[in-house]
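If you're matching positions, the first sequence starts at 1 in the UniProt record's numbering and goes up one per residue. Built from N, CA and C at the ideal position, the CB exists for glycine as well.
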Amino acid sequence: MLAPSLPTNIPSHLGLRLLRATLNVRDFNRARQLFDNILQPDPTTCSTLISALTAHGLPNEAINIFASLRARGINPQKPVFLAVAKACAASGDALRVKEVHADAARCGVTSDVFVANALIHAYGKCKCVEGARRVFDDLVVRDVVTWTSLSSCYVNCGFPRKGLNVFCEMGWNGVKPNPVTLSSILPACSELKILKSGKAIHGFAVRHGMIENVFVCSALVSLYAKCLSVREARAVFDLMPRRDVVSWNGVLTAYFSNKEYEKGFSLFLQMSRDGVKADEATWNAVIGGCMENGRTEEAVEMLRKMQKMGFKPNEITISSILPACSFSESLRMGMEIHCYVLRHWKVGDLTSTTALLYMYAKCGDLNLSRNVFNMMRRKDVVAWNTMIIANAMHGDGKEALFLFDKMLLSRIKPNPVTFTGVLSGCSHSSRAGHLNEAYKFIQRMPMEPTASAWGALLGACRVYKNVELAKISAKKLFEIEPNNPGNYVSLFNILVTAKLWSEASKIRILMKERGIAKTPGCSWLQVGNRVHTFVVGDKSNMESDKLYNFLDELVEKMKMAGYKPDTDYVLQDIDQEEKAESLCNHSEKLAVSFGILNLNGQSTIRVFKNLRICGDCHNAIKYMSKVVGIVIVVRDSLRFHHFKNGNCSCKDLW
DNA sequence: ATAGGGTTAG
């Protein structure tokens with residue numbers, strides 16, 4: 001059927017009525033054409049169309065209408081700016097807010113508190129704190145909305161501390177916070193885990209009769225949940241006069257993030273009995289809860305259930321579920337999810353795209369990571385960090401350093417994770433002798449070096465056999481995380497390699513004194529549809545006799561090819577012969593042998609280990625790849641090793 | 001005109 005022909009040269013008093021009728025039947029194309037044919041549309045007509053397009057998920061079309069006004073010589077009025085600011089907020093495009101802001105300044109409406117508030121909000125949604133600040137600073141009269149918008153802008157852009165400062169400043173300026181202010185500032189306390197300020201705000205809410213507000217209460221539930229105070233989170237929840245889905249979601253996450261999965265799940269079931277329907281976020285919370293509690297398979301199952309119930313996974317679902325692929329090294333499932341993202345959003349959002357590139361790196365395909373990274377339009381610190389870490393994991397320190405420089409050039413401010421990534425990248429690269437520079441790098445870091453930064457340096461010391469620097473790093477690490485066995489074991493290994501036996505045994509005594517046990521090493525690999533796991537001296541496998549016999553034969557062949565067991569790497573107090581035998585039992589050797597036994601015509605096996613690969617095993621697997629003539633990929637806790645024809649991709653720098 | 005819940009890197 002043909003649509004009625006479009007009238008032209010419509011007088012403005014008729015235009016609004018015609019436009020409303022068209023919008024009522026949701027014919028947005030026709031609405032746009034109609035609008036073009038209205039002579040001198042009034043501000044209400046313009047804002048009506050812009051708001052309607054935004055409300056129906058067409059913010060960019062809404063902004064285009066706004067842009068067309070200028071071309072038609074129409075000066076936008078305040079209501080038009082309010083509407084287009086909302087469209088910008090929905091589009092998330094900072095450039096468009098800047099354009100609208102500039103237009104508003106040209107029209108002299110930026111001193112209007114309503115327009116300014118809308119602009120601050122839009123800048124906040126587009127993650128542009130500088131813009132929001134500029135609008136704020138240019139204002140002479142500010143109301144509670146102005147203050148609230150600016151502080152929540154800081155909070156949502158990752159500056160919770162600044163958000164709190166604005167909140168305090170607001171009080172000094174005699175502006176009284178309302179429930180909206182409280183609910184938007186509470187997440188800042190949650191993120192910073194400052195229970196004290198949160199409790200003060202809780203008290204304020206009680207004294208000022210805001211405690212019945214469902215928004216404030218839900219924020220309080222999350223505050224207590226984040227500050228590891230589940231009981232109090234539950235108490236606030238129980239006292240609420242009225243609870244909506246969000247309140248339920250909050251209390252679910254409280255249990256999930258505090259390792260009380262069972263309780264969280266039973267509340268999830270109770271929720272529907274109480275007549276509250278789960279929404280998309282509930283499902284995300286449950287999936288995230290499964291993931292946080294190591295229930296990868298259940299997470300995948302819940303994802304299927306979610307879809308069965310008619311909910312579409314969104315970017316947050318994707319970000320939560322992707323680590324499931326990384327943990328299980330399931331490149332195939334990861335790719336399926338990638339395809340889902342491409343089908344639904346063409347490009348995913350920052351978080352899910354970052355999760356994708358991390359997944360590819362973890363599953364062993366650095367090239368796919370690079371492809372994803374290069375296609376990202378916007379890259380934040382986390383994206384850059386992830387790519388740096390991906391390269392470090394795969395031993396490309398040169399690229400990690402290059403990315404670091406490029407990141408600085410793009411004016412992205414590095415954070416402690418960046419430095420850790422770069423350092424661990426350096427420890428894998430062949431730039432020997434740059435260790436002291438790395439040490440200076442750590443000392444000059446604009447923030448207190450984290451345990452992982454020192455850990456990366458310690459790892460590098462092992463590679464370059466720098467005992468003195470190793471001792472310095474280890475000492476720092478023993479202070480920061482005295483109960484992490486990995487640090488003791490690393491220093492022990494470095495001292496052993498340097499043949500400083502007495503110092504090494506001192507470390508072992510220190511471990512005993514402090515009651516620190518070595519984390520048991522464990523390796524696994526997938527054969528067919530099953531994951532097979534091995535620990536040292538594992539005899540639990542059904543075919544363990546066959547496996548050990550095969551390994552014995554293999555070791556003989558390896559020895560003929562020049563392999564010499566290096567018993568320095570054995571921690572137990574046992575004699576040499578036993579040591580050599582114990583070495584053969586290492587979980588990574590068992591897993592690799594099992595993989596070779598079950599090759600089924602494949603030319604590559606992939607083994608994963610929870611700790612760092614042992615020095616002797618590293619050497620042994622090189623020989624295995626040569627003797628058997630296959631590619632063996634081993635991912636240890638730090639990086640990937642690709643063994644081929646007797647060599648490793650890490651060039652023995654690991 | 002402003003507001004709550006779900007997420008990424010180590």
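- A Cβ-Cβ separation of about 18 Å leaves Asn619 out of contact with Ser637 under the 8 Å criterion.
- With a contact defined as Cβ atoms closer than 8 Å, Asp365 and Leu331 qualify at about 7 Å.
- Looking at the backbone, the Cα of Pro160 and that of Cys522 are separated by about 40 Å.
- Contact check for Leu119 against Val141 fails: the beta carbons are separated by 8 Å or more.
- In this structure Asn293 is buried. Its beta-carbon is surrounded by 16 or more other beta-carbon atoms within 10 angstroms.
- The stretch 73 to 89 makes contact with the stretch 37 to 49; the number of CB pairs closer than 8 Å reaches 3 or more.
- The residue among Asn436, Gly158, Ile50 with its C-alpha nearest the C-alpha of Leu192 is Gly158.
- By the CB criterion at 8 Å, Ser183 and Phe204 fall outside the cutoff.
- Going by beta carbons, Ala460 and Ser427 fall inside the 8 Å limit.
- The closest CA to that of Gly515, considering only Ser190, Asn483, Leu408, is found on Asn483.
- Fewer than three pairs of CB atoms, one per stretch, sit closer than 8 Å, so the stretch 334 to 346 makes no contact with the stretch 302 to 311.
- The three-state reading of DSSP puts Ile632 in strand, counting E and B together.
- Boundaries of the alpha helix (DSSP H) harbouring Val180: 179 to 192, taken from the DSSP string.
- Three or more Cβ pairs closer than 8 Å define a contact, and the stretch 276 to 293 meets that threshold against the stretch 253 to 265.
- The beta carbons of Ser218 and Val246 sit closer together than 8 Å.
- For Arg96, the enclosing alpha helix (DSSP H) stretches over residues 94 to 106.
- Taken through DSSP and simplified to helix, strand or coil, Val175 comes out as coil.
- Contiguous alpha helix (DSSP H) elements confined to the UniProt repeat "PPR" (244 to 278) occur at 245 to 256, 261 to 273, taking only those with 4 or more residues.
- Secondary structure of Thr604 (DSSP, three-state): strand.
- By the C-beta criterion, the stretch 90 to 105 is judged to be in contact with the stretch 115 to 129, since at least 3 inter-stretch pairs fall below 8 Å.
- Here the alpha carbons of Arg612 and Ile509 stand approximately 22 Å from one another.
- Three or more beta-carbon pairs separated by less than 8 Å are not found between the stretch 223 to 239 and the stretch 271 to 281, which leaves the two stretches without contact.
- Counting only runs that start and end inside the stretch 483 to 546, the alpha helix (DSSP H) elements of at least 4 residues fall at 485 to 497, 501 to 513.
- Around the CB of Cys168, fewer than 16 other CB atoms lie within 10 Å, so the residue is classed as exposed.
- Our two residues, Lys440 and Arg462, have alpha carbons roughly 18 Å apart in a direct line.
- Here Ala87 is buried. Its C-beta has 16 or more other C-beta atoms within 10 Å.
- For Phe35, the enclosing alpha helix (DSSP H) stretches over residues 28 to 36.
- Between the alpha carbons of Val84 and Leu469 lies a distance of about 58 Å.
- For Gly562, the closest C-alpha among the options Ile632, Pro323, Ile621 is that of Ile621.
- The three-state secondary structure of Asn647, taken from DSSP, is strand.
- Leu457 places its beta carbon 8 Å or farther from that of Ser490.
- The beta-carbon separation of Leu435 and Asn391, rounded to 19 Å, does not stay under the 8 Å limit for a contact.
- Note: His641 is bridge-paired with Val634 in the DSSP secondary-structure output.
- Rounded to the nearest whole angstrom, the C-alpha separation of Met624 and Gly425 is 27 Å.
- The three-state reading of DSSP puts Lys609 in strand, counting E and B together.
- DSSP places Ile10 within a strand segment (E or B) once states are collapsed to three.
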